[in-house]
Amino acid sequence: MSILFFFFRRKQMERDAAEEVESHLQEKAAELEESGMPHELARQRARRDFGNPTIHTEDSRAVWRWQAWDHLRQDLRFACRWMRKSPGFTAIAILSLAVGIGANTAIFSVVKALLLDPLPFRDPGRLTLLWTEDRKRGIHEEGTSWLTVQDWKQRSRSFEDFAICSRGNPVFLSGLQPPERVASEVVSSNLFSLLGSAPVIGRTFTADEEANRNRVVVLSHALWRRLFGGAEDAMGKTLEIDGIRHEVIGVMPRDFFFPDQATEFWRPLTLDPFWDRQRIRRYTDWWRVVGRLKPGVSVAQAQSEMNRIGEQLEREYPTNDPGFAGFDVNVVPVLLQIVGKKMPFLLAVLLGSVAVLLLIACSNLGHLLLARGAVRQHEFAVRRAVGAGRERLVRQLLSESILLAAAGAVSGVILASGALRFLLSIAPAGIPRLHEITIDGGVLLFTAAVSIVGCQDK
Amino acid sequence: MQTDSRGLFPGALEMMVLQMLRREPMHGYALASRIKETSGELLQVEEGSLYPALQRMLKEGWVQAEWALSARSRRIRVYKITPKGRKRLQREVSSFERMLTGIARVMRPSES
Chain A
4 MSILFFFFRR KQMERDAAEE VESHLQEKAA ELEESGMPHE LARQRARRDF GNPTIHTEDS
64 RAVWRWQAWD HLRQDLRFAC RWMRKSPGFT AIAILSLAVG IGANTAIFSV VKALLLDPLP
124 FRDPGRLTLL WTEDRKRGIH EEGTSWLTVQ DWKQRSRSFE DFAICSRGNP VFLSGLQPPE
184 RVASEVVSSN LFSLLGSAPV IGRTFTADEE ANRNRVVVLS HALWRRLFGG AEDAMGKTLE
244 IDGIRHEVIG VMPRDFFFPD QATEFWRPLT LDPFWDRQRI RRYTDWWRVV GRLKPGVSVA
304 QAQSEMNRIG EQLEREYPTN DPGFAGFDVN VVPVLLQIVG KKMPFLLAVL LGSVAVLLLI
364 ACSNLGHLLL ARGAVRQHEF AVRRAVGAGR ERLVRQLLSE SILLAAAGAV SGVILASGAL
424 RFLLSIAPAG IPRLHEITID GGVLLFTAAV SIVGCQDK
Chain B
18 MQTDSRGLFP GALEMMVLQM LRREPMHGYA LASRIKETSG ELLQVEEGSL YPALQRMLKE
78 GWVQAEWALS ARSRRIRVYK ITPKGRKRLQ REVSSFERML TGIARVMRPS ES
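Protein sequences, first through last, are from chains A and B.
Just so you know, we're using the working numbering here: the first sequence kicks off at 4 and counts up by one.
Just so you know, we're using the working numbering here: the second sequence kicks off at 18 and counts up by one.
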């Protein structure tokens with residue numbers, strides 16, 4: 004039943020009840036007058052026989068369980084009045100709650116967007132990036148040669164498969180007026196299936212197309228919208244890349260990104276301008292490698308296996324090429340690669356501090372309420388003396404704190420959205436997934452609930 | 018409230034009202050005076066306590082209410098028994114009769 008209907012019906016029923024009582028009294032009085040009783044006396048007699056109309060009306064009301072609602076309204080009205088009467092106390096209480104709730108909501112929203120929301124890949128916990136670890140120069144994320152990756156494929160037991168990808172492939176969309184420089188990648192044909200991402204329209208390229216160096220291209224959702232207006236018949240159309248015509252064969256989902264959101268399309272690995280040379284060179288750092296771990300294999304296990312393979316390769320392919328980074332391998336889980344290795348730790352520290360902040364806010368408020376309770380002992384004594392039950396008093400206090408908490412939560416949201424906007428504005432460019440951050444409704448509810456419970460305990 | 022209808026056991030007022038309404042639809046005042054009349058003023062029911070009882074019965078769906086005009090052309094709310102109310106009355110009456118018989122036997126053991 005809608006609230007409006009409820010109110011309407013309730014008003015109507017109360018009017019009915021009042022009219023019914025009045026008509027009863029009049030009828031009785033009229034009857035008594037007809038039997039010869041004076042007017043005034045008749046009315047008095049009618050009233051006396053009826054009993055206390057207020058009590059009977061309240062009893063009628065209680066039948067429909069309106070009393071609970073009435074009490075709640077009274078309590079809330081009283082709480083409002085009480086808050087208005089002590090504006091200093093109210094302001095401090097709401098402010099401390101707002102800061103606690105706001106800070107928690109803002110930080111936890113960041114944590115959730117960066118760390119907890121799933122990546123747009125199948126089983127992302129098993130996805131890793133494999134880098135060459137350059138001991139000599141202290142560089143942890145060097146590329147790897149195609150030949151070495153083939154050796155990894157043969158020898159490794161920890162990985163289901165490896166996919167290979169360029170390390171940035173900026174090109175010109177030369178067909179546009181004016182031509183546009185965009186970020187793209189050339190990738191091995193198994194990349195999409197390894198990530199577990201299927202195109203929303205069309206298809207991705209096959210191993211044959213890769214081997215035959217077919218000029219085909221898979222677009223990002225954003226580029227497809229921008230160039231083709233999201234038209235389904237874009238498949239088969241041509242896209243001129245660096246002066247060469249490519250056939251559009253597929254579009255990836257909106258949330259898909261690889262390796263970052265800036266990348267606009269993906270072409271076969273073999274279309275790399277230096278493919279012929281890179282295909283045969285051992286001592287180069289040209290490619291980026293993605294690996295999918297077999298189920299149940301940990302990153303540490305994979306790392307130690309790759310260390311062994313690296314030592315083998317180092318013995319088998321000795322070189323004194325000073326520019327070569329070596330055969331050591333650095334295995335990085337994809338989530339850490341995306342958000343940064345230090346990020347989880349930093350966010351945990353931040354989250355811990357805002358949680359403590361909320362606790363402090365709650366305990367502050369608890370003490371404030373306690374102090375006020377001491378001041379209000381007189382008021383409660385009077386209320387008890389005039390007949391307020393214990394339950395009724397507790398209910399009143401509860402309504403007061405819930406009203407405070409609600410006001411704190413509302414101000415907290417406002418504060419959180421401001422804080423989040425501020426955080427996003429000072430964040431350095433290039434933090435992945437940052438655009439995905441919004442105030443999370445679930446997070447907010449949780450924080451508000453925690454603070455209400457926290458205050459009730461006092 | 019039921020406890021305010023002094024001397025009546027819980028549900029007695031409802032039972033009597035349903036019994037009255039079984040014969041014909043009536044408004045609140047008529048019900049009150051009829052109960053008083055037929056009981057020969059033996060039952061001292063506060064007239065007002067009739068209305069919470071009527072609300073309870075409305076809520077349970079035992080009676081229906083409609084506004085109408087009285088003989089003195091005053092707006093009155095007329096109550097009518099529903100099939101659900103009839104069923105309820107039957108149950109109440111039979112359990113009431115069992116209770117009366119039981120009490121009677123206890124009070125006058127020589128007859129049993």
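Don't be surprised by glycine CBs; every beta carbon is placed ideally from N, CA and C.
DSSP state of Tyr-96 of chain B, grouped into three classes?
In the structure shown, Tyr-96 of chain B sits in a strand (DSSP, three-state: E or B).
In its own chain, which residues sit with a C-beta less than 6 Å from the C-beta of Val-110 of chain B, not counting the 5 before and 5 after it?
Answer for Val-110 of chain B: no residue qualifies.
Contacts that Ser-63 of chain A makes with chain B (C-beta to C-beta distance below 7 Å):
Those within 7 Å of Ser-63 of chain A in chain B are Tyr-68, Pro-69 and Gln-72.
Residue-level contact to chain A via CB, Ile-98 of chain B, 9 Å cutoff:
So, not an interface residue.
Are Leu-360 of chain A and Ala-106 of chain A closer than 9 Å when you measure CB to CB?
Result yes, Cβ atoms of Leu-360 of chain A and Ala-106 of chain A sit closer than 9 Å.
Assess contact between the stretch 365-385 of chain A and the stretch 42-54 of chain A, defined as three or more Cβ pairs (one per stretch) separated by less than 8 Å. Is contact present?
Verdict: no, contact absent.
Where does the unbroken beta strand (DSSP E) through Ser-187 of chain A begin, and where does it stop?
183-190
Mind checking if Lys-76 of chain B is an interface residue toward chain A, Cβ cutoff 9 Å exclusive?
yes
Report the start-end ranges of each alpha helix (DSSP H) in the stretch 59-124 of chain A that is 4 residues or longer and not cut off at the edges.
Runs of the alpha helix (DSSP H) lying entirely within the stretch 59-124 of chain A and spanning at least 4 residues, in chain order: 70-88 and 90-114.
First through last residue of the beta strand (DSSP E) which encompasses Phe-26 of chain B
Looking at the DSSP string, Phe-26 of chain B is not in any beta strand (DSSP E), and its letter there is neither H nor E.
Since Leu-38 of chain B and Leu-67 of chain B are thought to touch, with beta carbons under 8 Å apart, how far apart are those beta carbons, to the nearest angstrom?
No, Leu-38 of chain B and Leu-67 of chain B are not in contact; Cβ-Cβ is about 12 Å, not under 8 Å.
By a C-beta neighbour count over all protein chains shown, 10 Å radius and 16 as the cutoff for buried, is Arg-80 of chain A buried or exposed?
exposed
Give me, in chain order, the residues of the same chain whose beta-carbon lies closer than 7 Å to that of Asp-78 of chain A; leave out the 5 immediate sequence neighbours on both sides.
Arg-398, Gln-399 and Ser-402
What's the C-alpha gap between Ser-162 of chain A and Gly-294 of chain A?
For the record, residue 162 of chain A in the displayed sequence is Phe; it is not Ser. When rounded, the distance between both Cα atoms is 6 Å.
Does Gly-294 of chain A come out as helix, strand or coil in the three-state DSSP assignment?
Here Gly-294 of chain A sits in strand by DSSP.
Closest by CA to Trp-149 of chain A, which one among A:Arg-284, A:Ala-358, A:Asn-367 and A:Ala-364?
With distances taken between Cα atoms, Trp-149 of chain A lies closest to A:Arg-284.
Inter-residue spacing [alpha-carbon to alpha-carbon] between Gly-102 of chain B and Arg-87 of chain A
51 Å
Interface residues of the stretch 11-41 of chain A facing chain B [CB-CB below 9 Å]
Met-16, Asp-19, Ala-20, Glu-22, Glu-23, Val-24, Ser-26, His-27, Leu-28, Gln-29, Glu-30, Lys-31, Ala-33 and Glu-34
Reference Leu-179 of chain A, options A:Arg-229, A:Ala-237, A:Glu-382 and A:Thr-131, closest by Cα:
A:Arg-229
With DSSP as the reference, label Asp-279 of chain A as helix, strand or coil.
DSSP, read as helix, strand or coil, puts Asp-279 of chain A in helix.
Can you confirm whether Leu-49 of chain B, when its beta carbon is compared against all beta carbons of chain A, has any partner nearer than 9 Å?
Contrary to the premise, residue 49 of chain B reads as Ala rather than Leu in this sequence. For Ala-49 of chain B, the answer is yes, since a Cβ of chain A falls inside 9 Å of its Cβ.
Output yes or no for whether 9 Å exceeds the beta carbon distance between Arg-94 of chain B and His-44 of chain B.
Going by beta carbons, Arg-94 of chain B and His-44 of chain B fall inside the 9 Å limit.
Check Gly-205 of chain A in the structure and name its three-state DSSP category.
strand
What residue range is occupied by the uninterrupted beta strand (DSSP E) comprising Val-174 of chain A?
The continuous beta strand (DSSP E) containing Val-174 of chain A extends over residues 174-176.
Contact under 9 Å by Cβ, Ala-303 of chain A with Leu-100 of chain A
no
According to DSSP, what are the bridge partners of Val-251 of chain A?
A:Val-220
Between Trp-79 of chain B and chain A, is any beta-carbon pair separated by less than 9 Å?
no
Got a sec: is the Cβ-Cβ distance from Lys-461 of chain A to anything in chain B below 9 Å?
Bear in mind that a pLDDT of 41 at Lys-461 of chain A, under 50, signals an unreliable position, so the number given afterwards is only what the model happens to contain. So, not an interface residue.
Is the number of C-beta pairs between the stretch 207-215 of chain A and the stretch 181-195 of chain A that are closer than 8 Å three or more?
yes
Along chain A, in chain order, which residues have C-beta atoms closer than 7 Å to that of Ser-56 of chain B?
The contacting residues do not exist; Ser-56 of chain B stays about 15 Å from chain A at best.
Amino acids of chain A, ordered along the chain, whose beta-carbon sits closer than 9 Å to that of Glu-83 of chain B:
Correct list: empty, because the minimum Cβ distance to chain A is about 11 Å.
Just to confirm before moving on: does the CB-CB distance between Glu-144 of chain A and Val-342 of chain A stay below 9 Å?
no
For a quick check, are the C-beta atoms of Arg-270 of chain A and Val-220 of chain A less than 9 Å apart?
yes
Compute the beta-carbon to beta-carbon distance between Thr-108 of chain A and Ile-442 of chain A, rounded to the nearest angstrom, for a pair I have assumed lies under 8 Å.
6 Å
So Leu-222 of chain A packs on Phe-268 of chain A, CB below 8 Å; how close in whole Å?
5 Å
Say whether chain A places a C-beta atom closer than 9 Å to the C-beta of Ser-87 of chain B.
yes
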